[in-house]
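Residue numbers are given in the working numbering: position 98 of the sequence shown equals residue 98, and the series is strictly consecutive.
Notes follow the structure.
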Amino acid sequence: MKGAANSKPIPPFFDKFSIKEALAEARISLENISDSPALDAELLLANCLKKNQTYLHTWPEIILNTAQQECFKKHLEKRLNDYPVAYLLGEQAFWTLDLIVTPDVLIPRPETELLVETALNKISHIKQPRILDLGTGSGAIALAIASERPDALLIACDSSNAVLKVARQNAIRNKLDNRIEFIQSNWFANIQADQQQSFDLIVSNPPYISPDDPHLSQTIRHEPRTALAAENNGMADIEIIIKNSITYLKPKSYLIIEHGYDQAKLSQQLFLQNNYINIESYKDLNKIQRITLGCSL
Ligand SMILES: C[S@@+](CC[C@H](N)C(=O)[O-])C[C@H]1O[C@@H](n2cnc3c(N)ncnc32)[C@H](O)[C@@H]1O
Numbered sequence: 001m002k003g004a005a006n007s008k009p010i011p012p013f014f015d016k017f018s019i020k021e022a023l024a025e026a027r028i029s030l031e032n033i034s035d036s037p038a039l040d041a042e043l044l045l046a047n048c049l050k051k052n053q054t055y056l057h058t059w060p061e062i063i064l065n066t067a068q069q070e071c072f073k074k075h076l077e078k079r080l081n082d083y084p085v086a087y088l089l090g091e092q093a094f095w096t097l098d099l100i101v102t103p104d105v106l107i108p109r110p111e112t113e114l115l116v117e118t119a120l121n122k123i124s125h126i127k128q129p130r131i132l133d134l135g136t137g138s139g140a141i142a143l144a145i146a147s148e149r150p151d152a153l154l155i156a157c158d159s160s161n162a163v164l165k166v167a168r169q170n171a172i173r174n175k176l177d178n179r180i181e182f183i184q185s186n187w188f189a190n191i192q193a194d195q196q197q198s199f200d201l202i203v204s205n206p207p208y209i210s211p212d213d214p215h216l217s218q219t220i221r222h223e224p225r226t227a228l229a230a231e232n233n234g235m236a237d238i239e240i241i242i243k244n245s246i247t248y249l250k251p252k253s254y255l256i257i258e259h260g261y262d263q264a265k266l267s268q269q270l271f272l273q274n275n276y277i278n279i280e281s282y283k284d285l286n287k288i289q290r291i292t293l294g295c296s297l
């Protein structure tokens with residue numbers, strides 16, 4: 001496993017360090033902690049230079065000034081301690097959107113695009129669909145759906161006000177704030193009773209990692225634990241969501257949840273026990289069963 005424990009020291013920085021030299025040294029330092037050391041180095045240096053990656057390749061001989069070197073060194077120190085590139089840059093691409101990310105929110109993952117794709121498919125025949133996103137985080141799922149369906153109306157909830165602040169900023173940044181209502185809620189606690197049987201679709205990527213999973217104290221330790229870990233071997237929040245969503249869905253409407261690599265069977269059982277039909281699990285690009293869905297009667 002890659003991680004800070006195996007990291008190499010940061011290279012010494014000299015007065016006359018060129019872009020090319022800085023990138024080469026940084027790549028070597030990052031090899032043991034990152035699956036993409038060259039890309040990480042480029043993104044971090046481009047950020048310090050306030051330029052894009054093309055600039056780095058166009059002007060490899062340019063010498064870094066002191067402020068640029070200091071910035072790059074600070075970024076590398078943090079990255080060598082497993083701090084994610086997305087937090088250092090303050091943004092992450094998801095679907096077709098550029099999202100602001102802070103350490104308050106989970107960094108949206110490419111696997112979650114499967115959930116978005118499936119959601120869009122399930123509402124393709126519905127006009128002005130009403131959608132609920134539970135545990136919205138950066139707003140990734142809700143915003144991606146809203147960007148593809150200009151007629152959709154969404155409610156996005158999260159238990160954390162700090163998280164919702166970031167999600168709201170992302171909605172404004174992507175000019176989607178007029179169609180998404182953000183609500184602070186512990187799952188369904190603050191979703192009004194008159195919203196029962198009112199959603200055409202409910203989506204969620206809840207916390208689903210077992211509290212004793214060693215990754216929580218290793219590579220993903222800088223991301224919020226409240227976004228990642230759930231009791232009962234990671235199934236506690238999935239269970240609450242599956243049990244309660246059925247009350248809030250219109251008839252013949254879907255709940256889609258993302259889950260861990262070994263949670264598809266358990267999720268299917270919960271869907272079955274709670275009277276959903278058309279229960280299916282789909283694999284992500286890594287051939288891992290990543291989402292499970294079920295339909296209300
Ligand atoms: C795995 S993250 C998903 C974030 C985002 N939807 C995504 O896919 O990138 C789970 C989110 O659920 C939120 N959450 C955790 N417990 C919650 C609860 N009891 N009620 C509502 N949201 C909760 C966390 O704050 C976090 O933002």
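Here a beta-carbon is modelled for each residue, glycine too, at the ideal position from N, C-alpha and C.
Minimum C-alpha distance to residue i - residue among the options
{"i": "Gln338", "options": "Ile277, Glu25, Ser296 and Ser267", "result": "The chain is shown from 1 up to 297; residue 338 falls before or after that span and cannot be answered."}
{"i": "Gln69", "options": "Ala22, Glu239 and Val85", "result": "Ala22"}
{"i": "Ser138", "options": "Val163, Ile126 and Pro150", "result": "Val163"}
{"i": "Asp151", "options": "Gln128, Ala167 and Cys157", "result": "Gln128"}
{"i": "Pro37", "options": "Phe182, Arg79 and Thr66", "result": "Arg79"}
{"i": "Glu25", "options": "Cys48, Lys51 and Phe72", "result": "Phe72"}
{"i": "Leu297", "options": "Glu77, Leu106, Ile277 and Asn286", "result": "Ile277"}
{"i": "Ala217", "options": "Asn81, Lys16, Val105 and Ser160", "result": "Looking at the sequence shown, residue 217 is not Ala but Ser. The option with the nearest alpha carbon to Ser217 is Asn81."}
{"i": "Ser34", "options": "Ile220, Glu280 and Leu285", "result": "Ile220"}
{"i": "Leu99", "options": "Gln269, Lys16 and Arg168", "result": "Arg168"}
{"i": "Arg149", "options": "Asn178, Asn161, Leu285 and His222", "result": "Asn178"}
{"i": "Val85", "options": "Asn47, Glu117 and Ser124", "result": "Asn47"}
{"i": "Ile279", "options": "Lys287, Leu270 and Asn286", "result": "Leu270"}
{"i": "Asn274", "options": "Ala189, His222 and Ile241", "result": "Ile241"}
{"i": "Ser160", "options": "Asn52, Leu106 and Asp284", "result": "Leu106"}
Environment of residue i [buried if 16+ CB atoms lie within 10 Å]
{"i": "Thr112", "result": "buried"}
{"i": "Trp187", "result": "buried"}
{"i": "Asn174", "result": "buried"}
{"i": "Thr96", "result": "exposed"}
{"i": "Ile291", "result": "buried"}
{"i": "Ala264", "result": "buried"}
{"i": "Ala140", "result": "buried"}
{"i": "Thr66", "result": "exposed"}
{"i": "Ala119", "result": "buried"}
{"i": "Asp158", "result": "buried"}
{"i": "Ile257", "result": "buried"}
{"i": "His312", "result": "This structure cannot settle anything about residue 312, because the visible part of the chain is limited to 1 through 297."}
{"i": "Ala156", "result": "buried"}
{"i": "Leu285", "result": "exposed"}
Rounded distance between the beta-carbons of residue j and residue i, thought under 8 Å
{"i": "Ile202", "j": "Leu154", "result": "That belief does not hold up - the Cβ atoms of Ile202 and Leu154 are roughly 11 Å apart, past 8 Å."}
{"i": "Gly347", "j": "Gly294", "result": "What the structure shows of the chain is the stretch from 1 to 297, and residue 347 is not part of that stretch, so it cannot be assessed."}
{"i": "Tyr83", "j": "Val101", "result": "Not a contact, Cβ separation roughly 12 Å."}
{"i": "Asn205", "j": "Leu115", "result": "6 Å"}
{"i": "Ile19", "j": "Leu56", "result": "5 Å"}
{"i": "Gln197", "j": "Lys250", "result": "6 Å"}
{"i": "Tyr208", "j": "Ile238", "result": "6 Å"}
{"i": "Gln92", "j": "Pro110", "result": "Between Pro110 and Gln92 the Cβ distance is about 10 Å, and since that is not below 8 Å, they are no contact."}
{"i": "Leu43", "j": "Leu89", "result": "6 Å"}
{"i": "Ile180", "j": "Ile191", "result": "Their Cβ separation, rounded to whole angstroms, is 14 Å, which puts Ile180 and Ile191 out of contact at 8 Å."}
{"i": "Pro211", "j": "Glu231", "result": "7 Å"}
{"i": "Ser253", "j": "Asp200", "result": "5 Å"}
{"i": "Leu49", "j": "Ala41", "result": "Rounded, the Cβ-Cβ distance is 12 Å, inconsistent with contact."}
{"i": "Lys16", "j": "Ile63", "result": "5 Å"}
{"i": "Asp104", "j": "Val166", "result": "6 Å"}
heavy atom of ligand 1 below 7 Å from residue i C-beta
{"i": "Leu134", "result": "yes"}
{"i": "Pro110", "result": "no"}
{"i": "Val101", "result": "no"}
{"i": "Pro206", "result": "yes"}
{"i": "Gly260", "result": "no"}
{"i": "Trp187", "result": "yes"}
{"i": "Thr118", "result": "no"}
{"i": "Ile257", "result": "no"}
{"i": "Asn131", "result": "Residue identity differs from the one stated: residue 131 is Ile in this sequence, not Asn. No, the Cβ of Ile131 stays beyond 7 Å of every heavy atom of ligand 1."}
{"i": "Asp237", "result": "yes"}
{"i": "Ser29", "result": "no"}
{"i": "Ala86", "result": "no"}
{"i": "Thr226", "result": "yes"}
{"i": "Val105", "result": "yes"}
{"i": "Ser138", "result": "yes"}
{"i": "Asp213", "result": "no"}
{"i": "Ile141", "result": "yes"}
{"i": "Asp158", "result": "yes"}
{"i": "Val163", "result": "yes"}
* Asked: On the three-pair Cβ rule with 8 Å, is the region 237-246 touching the region 220-228?
  -> no
* To do: Could you tell me whether the region 114-133 touches the region 145-160, using the rule of 3 or more Cβ pairs below 8 Å?
  => yes
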